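Below: the structure, in structure tokens.
Chains as they are written, first to last, in this note's numbering: chain A, -4 to 246; chain B, 11 to 292.
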């Protein structure tokens, strides 16, 4: 089985609003998949169904199945805590906790009951190194994460996510609040991370999609218009609407 | 153009009005505190602070009153803080706007508007008579906790709302449970605000005479346990002034009370500010 996530006939509603329509898509293991599309097309809602963050919204209703490694993540027996450990998330706006840099990365480990100090220290260091932040923060691990720059904060959030060793990392426009240099750093990081993780990234930046992802899905009005290899989708799209979007005719 | 005042002049006038409002606030505070301190400070010396009163307070010190005040304030804060913060967490995190929340809010607002003497009457009827607890600092502390509760609840609620939702999302996305998120992320971020609420509630409890008038028993002796009767500073001040015992010592007592509140507020604010700075990396 090559697929980490298999989504079949997913429909999502918020009250009466039909947000996602008949979404079917398979996400390959250890690859980066980009989700592109105009604002309000349902990309963010889609990735939030993958770690069940939409459960927090009362009006959320869904039909269809989402399998993670073959297991239905909406099975009533599934523990959301375990799921979110396996499916990490990086948000649009960097959202470190108002705690020290060290405590931010250690947070996930601690809430999952790990008390071994040496283990936590080692894992914090490894995660910060993997997130390409270690050299910038190793002298000030006990300083507040709020004092870091936006780009550093976002890499810290990535370090925090990988510290709990998820299988999948969801990224919801992780660079939209960052300057170009920070964006490049995050993109480099994504390239490195795909060796260990399956990554799904929502982006408004089509160049970014072509730079970081092997696969791309184009969302429009809650549907997937087209999905497949990024190279193919951007060079010879099958659907007229995809072509219109990637050539900038709307959106 | 038939404006009476040009926008430019209106701007100037209003700026002056707001500036004056600010200054008046400071002046009122300075006049009251200054008057109390000018009248009271000469009375305060080590003997006044450390000794028991003699002749109902005509001379001697106010040590038992200081101790009484500290005890009832501590009890009030100790009881009201968990309830107030707990109710705020419940309203903000565990339930939606429903009848129960409206009732809690109504309850808290009503509690805040009940005259303190009514609290006192309730304390007398419930603790002293019905529960046969007699006059005690403990009962007084509980009554004051009821008085401090609405302030602590309301300020805690506002502080919890002010914590960005993105913090909670970050914690939940890492697999944190709701309680872990509240305990480890939301409450620590809300601590500076909650502390302000506790201080406001505490100051209200600390300076209350009417609410404890019938409850603490007005004993002059040094309280040896929280179940002893006592006479907190505001009550002592009231008795000294109304029964014509010693107006000088009443000012002295008032000055001690004001200074005590001032010290607690300043110390707490300093600690909280340091905590916020560390938390936010400034």
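For glycine and all other residues, C-beta sits at the position ideal for the given N, C-alpha and C. As the structure is a prediction and not an experimental result, all values here were calculated from the model.
Residue i and residue j look like a contact to me (Cβ under 8 Å); what is the Cβ gap, rounded to whole Å?
i, j, result
"residue 224 (chain A)", "residue 209 (chain A)", "7 Å"
"residue 146 (chain A)", "residue 189 (chain A)", "No, residue 146 (chain A) and residue 189 (chain A) are not in contact; Cβ-Cβ is about 20 Å, not under 8 Å."
"residue 196 (chain B)", "residue 178 (chain B)", "6 Å"
"residue 100 (chain A)", "residue 155 (chain A)", "5 Å"
"residue 210 (chain B)", "residue 165 (chain B)", "6 Å"
"residue 67 (chain B)", "residue 259 (chain B)", "6 Å"
"residue 180 (chain B)", "residue 141 (chain A)", "Incorrect: roughly 13 Å between the Cβ atoms, too far for contact."
"residue 194 (chain B)", "residue 157 (chain A)", "About 20 Å; that fails the 8 Å criterion."
"residue 177 (chain A)", "residue 149 (chain A)", "7 Å"
"residue 187 (chain B)", "residue 86 (chain A)", "Not a contact, Cβ separation roughly 19 Å."
"residue 229 (chain B)", "residue 248 (chain B)", "That pair is no contact at about 15 Å."
"residue 170 (chain B)", "residue 99 (chain B)", "7 Å"
"residue 104 (chain A)", "residue 118 (chain A)", "6 Å"
"residue 93 (chain B)", "residue 167 (chain B)", "At roughly 13 Å, the Cβ-Cβ gap does not stay under 8 Å, so residue 93 (chain B) and residue 167 (chain B) are not in contact."
"residue 27 (chain A)", "residue 185 (chain A)", "6 Å"
"residue 42 (chain A)", "residue 194 (chain A)", "11 Å between Cβ atoms; not a contact."
"residue 257 (chain B)", "residue 251 (chain B)", "6 Å"
With distance defined between alpha-carbon atoms, name the residue in the options nearest to residue i.
i, options, result
"residue 164 (chain A)", "A:30, A:149, A:81 and A:9", "A:81"
"residue 216 (chain B)", "B:13, B:183, B:178 and B:246", "B:246"
"residue 236 (chain B)", "B:36, B:41 and B:78", "B:78"
"residue 226 (chain B)", "B:42, B:111, B:36 and B:146", "B:146"
"residue 275 (chain B)", "B:224, B:243, B:220 and B:213", "B:213"
"residue 111 (chain B)", "B:96, B:125 and B:123", "B:96"
"residue 59 (chain A)", "A:19, A:166, A:119 and A:93", "A:19"
"residue 94 (chain A)", "B:85, B:200 and B:132", "B:200"
"residue 192 (chain B)", "B:243, B:103 and B:242", "B:103"
"residue 191 (chain A)", "A:160, A:85 and A:74", "A:160"
"residue 152 (chain A)", "A:137, A:127 and A:174", "A:127"
"residue 198 (chain B)", "A:3, A:92, A:39 and A:178", "A:92"
"residue 148 (chain B)", "B:190, B:82 and B:115", "B:82"
"residue 65 (chain B)", "B:136, B:279, B:86 and B:255", "B:255"
"residue 89 (chain A)", "A:195, A:-3, A:211 and A:143", "A:143"
"residue 25 (chain A)", "A:207, A:66 and A:134", "A:207"
"residue 91 (chain B)", "B:207, B:142 and B:280", "B:207"
"residue 88 (chain B)", "B:26, B:154, B:234 and B:17", "B:154"
"residue 97 (chain A)", "A:230, A:65 and A:139", "A:139"
Can you list, in chain order, the residues of its chain with a C-beta nearer than 8 Å to that of residue i? Leave out the 5 residues immediately preceding and following it.
i, result
"residue 71 (chain B)", "57, 58, 59, 60, 61, 62 and 63"
"residue 44 (chain A)", "5, 7, 15, 57 and 61"
"residue 265 (chain B)", "46, 47, 49, 50, 51, 53 and 54"
"residue 224 (chain B)", "130, 131, 133, 134 and 138"
"residue 12 (chain A)", "none"
"residue 118 (chain B)", "97, 159, 160, 163 and 164"
"residue 241 (chain B)", "74, 75, 78, 226, 227, 228, 229, 230 and 249"
"residue 72 (chain A)", "none"
"residue 232 (chain B)", "62, 73, 74 and 77"
Could you name the residues of the same chain whose beta carbon sits closer than 7 Å to that of residue i, not counting the 5 residues immediately before and after it, in chain order?
i, result
"residue 10 (chain A)", "54"
"residue 262 (chain B)", "50, 53, 54 and 58"
"residue 37 (chain A)", "14, 15, 214 and 217"
"residue 109 (chain A)", "115"
"residue 156 (chain B)", "121 and 129"
"residue 144 (chain B)", "138"
"residue 1 (chain A)", "21 and 62"
"residue 198 (chain A)", "29, 31, 168 and 204"
"residue 175 (chain A)", "none"
Does the beta carbon of residue i sit closer than 8 Å to a beta carbon anywhere in chain C?
i, result
"residue 159 (chain A)", "Checking the listed chains, one finds no chain C in this structure; the protein chains it contains are A and B."
Enumerate in chain order the residues of its own chain whose CB-to-CB distance from residue i is below 6 Å, with the five nearest sequence positions on each side excluded.
i, result
"residue 202 (chain B)", "282 and 286"
"residue 220 (chain A)", "213, 234, 236 and 237"
"residue 84 (chain A)", "46 and 165"
"residue 247 (chain A)", "Given a span of -4 to 246 for chain A in the structure shown, any question on residue 247 (chain A) remains unanswerable."
Using a beta-carbon distance cut-off of less than 8 Å, what residues from the segment 162 to 180 of chain B approach chain A? Residues of the segment 162 to 180 of chain B with a C-beta atom less than 8 Å from some C-beta of chain A are 174, 176, 177, 179 and 180, listed in chain order.
Curious, which full-length alpha helix (DSSP H) runs of at least 4 residues does the segment 107 to 190 of chain A contain? Within the segment 107 to 190 of chain A, the complete alpha helix (DSSP H) runs of at least 4 residues are 112 to 125, 129 to 132, 145 to 158 and 175 to 188.
With 9 Å as the limit, tell me which residues of the segment 195 to 214 of chain B have their beta carbon closer than that to any beta carbon of chain A; keep them in chain order. Residues 195, 198 and 199.
Quick one: complete beta strand (DSSP E) runs, 3+ long, within the segment 22 to 96 of chain A? Listed in chain order, the complete beta strand (DSSP E) runs (minimum 3 residues) inside the segment 22 to 96 of chain A are 27 to 31, 55 to 63 and 82 to 85.
Every unbroken alpha helix (DSSP H) inside the segment 205 to 242 of chain B [4 residues or more]: None, since the segment 205 to 242 of chain B contains no complete alpha helix (DSSP H) of that length.
Which residues of the segment 130 to 153 of chain A have a Cβ closer than 8 Å to any Cβ of chain B? Give them in chain order. Taking 8 Å as the Cβ-Cβ cut-off against chain B, the residues of the segment 130 to 153 of chain A that qualify are 138, 139, 140, 141, 142, 143 and 152.
Within 7 Å of chain B by C-beta, residues of the segment 12 to 44 of chain A in sequence order: Those would be none; no residue qualifies.
Taking Cβ-Cβ distances below 7 Å as the criterion, which residues of the segment 96 to 111 of chain A are in contact with chain B? Closer than 7 Å at the C-beta level to chain B, one finds these residues of the segment 96 to 111 of chain A: 102, 103, 106 and 107.
In the segment 83 to 94 of chain A, which residues sit with their C-beta less than 8 Å from some C-beta in chain B, listed in chain order? Within the segment 83 to 94 of chain A, the qualifying residues are 83, 84, 86, 88, 90, 91, 92, 93 and 94.
Uninterrupted beta strand (DSSP E) stretches inside the segment 103 to 151 of chain B (no shorter than 3 residues): Assignment of beta strand (DSSP E) within the segment 103 to 151 of chain B, counting only whole runs of 3 or more residues, yields no such run.
Compile a chain-ordered list of the residues in the segment 101 to 127 of chain B whose CB is closer than 7 Å to at least one CB of chain A. Residues are counted here when their Cβ sits less than 7 Å from a Cβ of chain A; for the segment 101 to 127 of chain B the count is zero.
Ignoring anything shorter than 4 residues, give me the alpha helix (DSSP H) runs that lie fully in the segment 27 to 91 of chain B, in order along the chain. If we require 4 residues or more, the alpha helix (DSSP H) runs fully inside the segment 27 to 91 of chain B come out as 56 to 60.
Of all the residues that make up the segment 280 to 292 of chain B, which are near chain A by a beta-carbon distance shorter than 8 Å? Flagged, chain order: 288, 289, 290, 291 and 292.
Name the residues in the segment 52 to 74 of chain B whose C-beta lies less than 7 Å from a C-beta of chain A; which are they? Contact residues of the segment 52 to 74 of chain B toward chain A are absent (C-beta to C-beta distance below 7 Å).
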